[in-house]
Amino acid sequence: MNDLILIFSILFMSTFVQGTEIDNKLLKCLVCRSTIKEIEGEIAKIDPSREIEIGNYRLDAQGNIIHKKVPLARSEVHMSDVLDNICEKMSDYVRATYKSNGQLTILNLIDPVGGGMNPEMSKVDVVQDGDLNKSLKYYCEEIVEEHEESIISLFVREERNIRGQLCTDVAKLCDPAEFSYENDEDNESHEEHEL
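Heads up: the sequence shown runs through residues -19 to -1, 1 to 176, numbered per mature numbering (1 follows the signal peptide of the UniProt record, and there is no 0).
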């Protein structure tokens, strides 16, 4: 009887749970790119007119403390605060493959614009895994910990194509050819922002 239950359980699991071999390098790349996207979202929430005073508390020749004001959203202090909590957002992400081509992706279950269910969910098959997608948060924490200084530096300097620079050039998690189309989009949006 126990053997029959075991066989039925195995058949049930193999029928209803989609298991897919995951390319860990691609998965880490996708996590890196999603992490940067989430950071950009957090920065966009801050009023651009808010500023913070920074300085090294040294005195100039007249005995005055040297301070300068910088936008809060792009300050090192704010960026450090954002990085402390950004990986918590990975709890809302799932691994999935596009129905049209089988390409691996990770999706936020919640639509960042409307707050409801992400409309992309109808275009994908969710990939079940044993860790309930906790590895996405782990990969995020690994990336942030290892590249924190680079992330802060890129955002403070307001660099173009931060996703490409960090995930491809610095962390070397992504293949440059896979996301080259985004470089053109980032350059266009940055030029529009400057106008």
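All C-beta atoms in this analysis are idealised placements derived from N, C-alpha and C, irrespective of residue type, glycine included. Just so it is clear, the structure is predicted and the values come from calculations on it, not from any experiment.
Spatial neighbours of residue i in its chain, beta-carbon cut-off 7 angstroms, leaving aside the 5 residues before and after
i, result
"Val151", "His128, Ser131"
"Pro100", "Asp92"
"Arg39", "Ile47"
"Glu140", "Gln146"
"Val58", "Ile33"
"Ile143", "Ile17, Leu135, Phe136"
"residue 214", "With the chain represented from -19 up to 176, any question about residue 214 goes unanswered, as that position is not in the structure."
Own chain residues within Cβ distance below 8 angstroms of residue i, not counting five before or after
i, result
"Lys49", "Glu34, Ile35, Gly36"
"Ser56", "Ile33, Ile35, Val137"
"Asp4", "Leu85"
"Pro29", "Pro52, Ala54"
"Lys104", "Tyr79, Lys80, Ser81"
Own chain, CB closer than 6 angstroms to residue i, minus 5 neighbours either side, in chain order
i, result
"Ser116", "none"
"Ala158", "none"
"Val107", "Val75, Ala77"
"Phe160", "none"
"Leu7", "Leu85"
"Ile24", "Ala54"
"Glu122", "Cys68"
"Met102", "none"
Terminal residues of the alpha helix (DSSP H) in which residue i lies
i, result
"Lys153", "From DSSP, Lys153 is part of no alpha helix (DSSP H); its letter is neither H nor E."
"Val125", "115 to 137"
"Lys18", "5 to 25"
Residue i - partner residues in DSSP beta bridges
i, result
"Cys48", "The question names Cys, yet the displayed sequence has His at residue 48. DSSP output for His48 lists Gly36 as bridge partner(s)."
"Asp92", "Answer is none; Asp92 lacks a bridge partner."
"Asp106", "Thr78"
"Ile87", "Arg76"
> Do three or more CB pairs link the segment 30 to 48 to the segment 70 to 78 at distances below 8 angstroms?
Replying inline: The segment 30 to 48, when compared against the segment 70 to 78, does not touch it at the 8 angstroms Cβ threshold.
> Is the segment 13 to 29 touching the segment 52 to 72, taking contact as three or more C-beta pairs under 8 angstroms?
Replying inline: yes
> Quick one: complete alpha helix (DSSP H) runs, 4+ long, within the segment 49 to 85?
Replying inline: 57 to 66
> With contact counted as at least three CB pairs below 8 angstroms, one residue from each stretch, are the segment 9 to 17 and the segment 83 to 98 in contact?
Replying inline: yes
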